[in-house]
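Q: One line per chain: the protein sequences are C and H, in this order. Using numbering that gives the first Met the number 0, read the first sequence as starting at 0 and increasing by one per residue. Using numbering that gives the first Met the number 0, read the second sequence as starting at 0 and increasing by one per residue. The C-beta atom is built at its ideal place from N, Cα and C for all residues, glycine as well.
There are 2 protein chains.
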Amino acid sequence: MMDVMWEDGPIPGELGVFPGYLLALLGEKSRRRFHRALEPEGLHPRHFGVMTMVAAQPGLSQQELHEKTAIDPSSMVAVIDELEALGLAERRPHPDDRRVRTIFLTARGEEKLERVRAIAAQLQREFFQPLSAEERRTLHGLLRKLASATS
Amino acid sequence: MMDVMWEDGPIPGELGVFPGYLLALLGEKSRRRFHRALEPEGLHPRHFGVMTMVAAQPGLSQQELHEKTAIDPSSMVAVIDELEALGLAERRPHPDDRRVRTIFLTARGEEKLERVRAIAAQLQREFFQPLSAEERRTLHGLLRKLASATS
DNA sequence: TATTGTTATACTCTATAACTATA
DNA sequence: TATAGTTATAGAGTATAACAATA
Chain C
0 MMDVMWEDGP
10 IPGELGVFPG
20 YLLALLGEKS
30 RRRFHRALEP
40 EGLHPRHFGV
50 MTMVAAQPGL
60 SQQELHEKTA
70 IDPSSMVAVI
80 DELEALGLAE
90 RRPHPDDRRV
100 RTIFLTARGE
110 EKLERVRAIA
120 AQLQREFFQP
130 LSAEERRTLH
140 GLLRKLASAT
150 S
Chain H
0 MMDVMWEDGP
10 IPGELGVFPG
20 YLLALLGEKS
30 RRRFHRALEP
40 EGLHPRHFGV
50 MTMVAAQPGL
60 SQQELHEKTA
70 IDPSSMVAVI
80 DELEALGLAE
90 RRPHPDDRRV
100 RTIFLTARGE
110 EKLERVRAIA
120 AQLQREFFQP
130 LSAEERRTLH
140 GLLRKLASAT
150 S
């Protein structure tokens, strides 16, 4: 028990001694705020994630998007259905394999993504404001290291 | 957009530029692992949270537990029902207010909590192993600071 | 009239399995 | 036989509102 209390000292009986708990707590808070911030745009965080991936690599298949985003294939169908209904993305047939649907953003999708990125950026500033600029850099670096290590 | 990329440099199109995304990703991963680790014990992370709180302050009311754990009152009923069914906790009447139920751990509950704490501690070691001891301390400190600031 | 605990209910999210059309 | 996408469904988790007992 004691050897996980890496911080100043133990706070008996409180869950903050477990960094994994703090991670889950803050992650949930961050997720919810983003969810709320996107509501006026009619989007969910998942839409943003998929749109970001598609913007980076236009023409990804739904299968590839599934692998990159950890959204399971059946949910991916729904997400892309919704993006298509909103006119933000479109499915196009794969030239060589008629089973595969490749995904692209529409012009409206590109514009929308820029607006939503600005919202996301603003939210980051607010959320991490309690930390100094250097602390934010340090935290971000450690999170990236951990995220890339814990495959 | 650029001003939230606190890390080395932008990774175009990837979500890792948003620290809030990394927080949500890692928090979810941590939560799931803990969930899986508790399964053999027949408990959910919520049970652990409530038991920890009750161990620290025996006799808390369900209302107070709701406020401290962010588990809503109706779910709290279910959690405590389950702990009682497992013989790990018990409701006792409040001496002055017959509406209030005060919660205590049983002897079995205390023992169980110790075992589960050891499981939680082991999980922390595994999860944060990719970081050095100093990095872990730094991360834990920053998470605590952020968690206590973002009320 | 307000509060504690409770119940019932609905809603979101996610996971699973089965189906189709292609390969 | 295997794969991409789709559909339907069930399950977990969570939130909401109404209710009874008590203050």
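(1) Rounded to whole angstroms, what is the Cα-Cα separation between L87 of chain H and E81 of chain C?
(2) Please list the terminal residues of the continuous alpha helix (DSSP H) segment that includes V135 of chain H.
(3) Express the C-alpha separation of V99 of chain C and R143 of chain H in angstroms, rounding to a whole number.
(4) Is there contact between the stretch 105–112 of chain H and the stretch 58–76 of chain H, where contact requires at least three CB pairs shorter than 8 Å?
(5) Mind pulling the chain H residues with CB within less than 7 Å of P57 of chain C?
(6) Leaving out the 5 sequence neighbours to the left and right, which residues in its chain are closer than 6 Å to L85 of chain C when beta-carbon positions are compared?
(7) L22 of chain H CB to nearest chain C CB: under 8 Å?
(8) Who are the neighbours of A119 of chain H on chain C, taking C-beta pairs under 7 Å?
(9) If we count Cβ pairs, one from each stretch, closer than 8 Å, do we get three or more for the stretch 43–62 of chain H versus the stretch 43–60 of chain C?
(10) Please check if any C-beta of chain H sits within less than 8 Å of the C-beta of A148 of chain C.
(11) Which one or two residues does DSSP pair with I102 of chain C in a beta bridge?
(12) Alpha helix (DSSP H) containing E27 of chain H: first to last residue?
(13) Please list, in chain order, all residues of the same chain as R32 of chain C whose beta carbon is under 7 Å from its beta carbon, the five residues on each side excluded.
(14) Look at the Cβ atom of L138 of chain H, then the Cβ atom of L24 of chain C, and state whether they are nearer than 8 Å.
(15) Among H:R124, H:S131, H:I118, which one has its Cα closest to the Cα of P39 of chain H?
(16) Please state the DSSP three-state secondary structure of Q123 of chain H.
(17) Whole angstroms are fine: how far does the CA of R107 of chain H sit from the CA of V76 of chain H?
(18) For a cutoff of 8 Å on Cβ pairs, would you count F103 of chain C as touching chain H?
(19) For the alpha helix (DSSP H) that contains E81 of chain H, what are its first and last residues?
(20) Can a CB atom of chain C be found closer than 8 Å to the CB of L82 of chain H?
(21) For chain H, check one thing: does any of its Cβ atoms lie closer than 8 Å to the Cβ of E63 of chain C?
(22) Indicate whether L145 of chain C and L130 of chain H have their beta-carbon atoms separated by less than 8 Å.
(23) Once DSSP output is grouped into helix, strand and coil, what is the label at G41 of chain H?
(24) Restricting to Cα atoms, I'd like to know which of H:P18, H:A120, H:E83 is closest to V16 of chain C.
(25) Going by the beta-carbon positions, is the gap between E89 of chain C and F103 of chain C smaller than 8 Å?
(26) For E89 of chain C, decide whether its Cβ has a neighbour in chain H, counting only Cβ atoms nearer than 8 Å.
(27) Any Cβ of chain C within less than 8 Å of the Cβ of S60 of chain H?
(28) Using Cβ-Cβ distances below 7 Å, what residues of the stretch 129–147 of chain H are close to chain C?
(29) Can a CB atom of chain C be found closer than 8 Å to the CB of F48 of chain H?
(30) Among C:E13, C:H93, C:P18, whose alpha-carbon lies nearest the alpha-carbon of Q152 of chain H?
A: Answer, in terms of the structure:
(1) Numbered from 1 along the second sequence, position 88 holds the residue referred to as residue 87 of chain H. Numbered from 1 along the first sequence, position 82 holds the residue referred to as residue 81 of chain C. Distance between the alpha carbons of L87 of chain H and E81 of chain C is about 46 Å.
(2) Numbered from its first residue, the second sequence carries residue 135 of chain H at position 136. Note that residue 135 of chain H corresponds to Arg in the displayed sequence, not to Val. Note, R135 of chain H: alpha helix (DSSP H), 132–148.
(3) Counted from its first residue, the second sequence places residue 143 of chain H at position 144. Counted from its first residue, the first sequence places residue 99 of chain C at position 100. Those two C-alpha atoms are separated by around 46 Å.
(4) no
(5) To locate residue 57 of chain C, count along the first sequence from 1; it is residue 58. Under the 7 Å cutoff, chain H gives no residues; its nearest Cβ is about 10 Å from P57 of chain C.
(6) For this step, residue 85 of chain C is matched to residue 86 along the first sequence. Around L85 of chain C: no qualifying Cβ.
(7) By 1-based counting over the second sequence, the position of residue 22 of chain H is 23. At least one chain C Cβ lies under 8 Å of L22 of chain H.
(8) Taking the first residue of the second sequence as position 1, residue 119 of chain H is located at position 120. What A119 of chain H touches in chain C: F17.
(9) A contact between stretches requires three or more CB pairs, one per stretch, nearer than 8 Å, and the stretch 43–62 of chain H fails this requirement with the stretch 43–60 of chain C.
(10) Here residue 148 of chain C refers to the residue found at position 149 of the first sequence. Chain H contact via Cβ: present.
(11) Residue 102 of chain C sits at position 103 when you count from the first residue of the first sequence. Answer is C:L59, C:R90, bridged to I102 of chain C.
(12) To locate residue 27 of chain H, count along the second sequence from 1; it is residue 28. Element bounds for E27 of chain H: 18–37.
(13) For the purposes of this step, residue 32 of chain C is identified with residue 33 of the first sequence, where counting begins at 1. Same-chain partners within the cutoff: L122, F126.
(14) Within the second sequence, the letter at position 139 stands for residue 138 of chain H. Within the first sequence, the letter at position 25 stands for residue 24 of chain C. No.
(15) Counted from its first residue, the second sequence places residue 39 of chain H at position 40. Ranking H:R124, H:S131, H:I118 by Cα distance to P39 of chain H puts H:I118 first.
(16) Working through the second sequence from its first residue, we reach residue 123 of chain H at position 124. In this structure, Q123 of chain H counts as helix in the three-state DSSP scheme.
(17) Reading the second sequence from its first residue, position 77 is the one you call residue 76 of chain H. Reading the second sequence from its first residue, position 108 is the one you call residue 107 of chain H. Roughly 20 Å separates the two Cα atoms.
(18) Here residue 103 of chain C corresponds to residue number 104 of the first sequence, with the count starting at 1. False, the Cβ-Cβ gap to chain H never drops below 8 Å.
(19) For the purposes of this step, residue 81 of chain H is identified with residue 82 of the second sequence, where counting begins at 1. Unbroken alpha helix (DSSP H) run through E81 of chain H: 72–84.
(20) Position 83 of the second sequence holds residue 82 of chain H. No, L82 of chain H does not count as interfacial toward chain C.
(21) The sequence position of residue 63 of chain C within the first sequence is 64, counting from 1. Chain H, which has no Cβ nearer than 8 Å to the Cβ of E63 of chain C, makes this no.
(22) By one-based count along the first sequence, residue 145 of chain C stands at place 146. By one-based count along the second sequence, residue 130 of chain H stands at place 131. Yes; because the gap between Cβ atoms is below 8 Å, this pair is in contact.
(23) Position 42 of the second sequence, counted from the start, is the residue given in the question as residue 41 of chain H. Residue state, collapsed to three classes: coil.
(24) As a position in the first sequence, residue 16 of chain C is number 17, starting the count at 1. Measuring from the Cα of V16 of chain C, the nearest candidate turns out to be H:A120.
(25) Here residue 89 of chain C refers to the residue found at position 90 when the first sequence is read from its first residue. Here residue 103 of chain C refers to the residue found at position 104 when the first sequence is read from its first residue. Yes, they are a contact pair.
(26) Locating residue 89 of chain C in the first sequence gives position 90, where the first residue counts as 1. Closer than 8 Å: no.
(27) Sequence index remark: in the second sequence, residue 60 of chain H carries index 61 (1-based). S60 of chain H does not count as touching chain C.
(28) P129, L130, E134, R135, R136, T137, L138, H139, G140, L141, L142, R143, K144, L145, A146
(29) Sequence index remark: in the second sequence, residue 48 of chain H carries index 49 (1-based). Correcting the residue type first, residue 48 of chain H is Gly in the shown sequence and not Phe. Chain C, which has a Cβ nearer than 8 Å to the Cβ of G48 of chain H, makes this yes.
(30) No answer is possible for residue 152 of chain H: it lies beyond the span of chain H, which begins at 0 and ends at 150.
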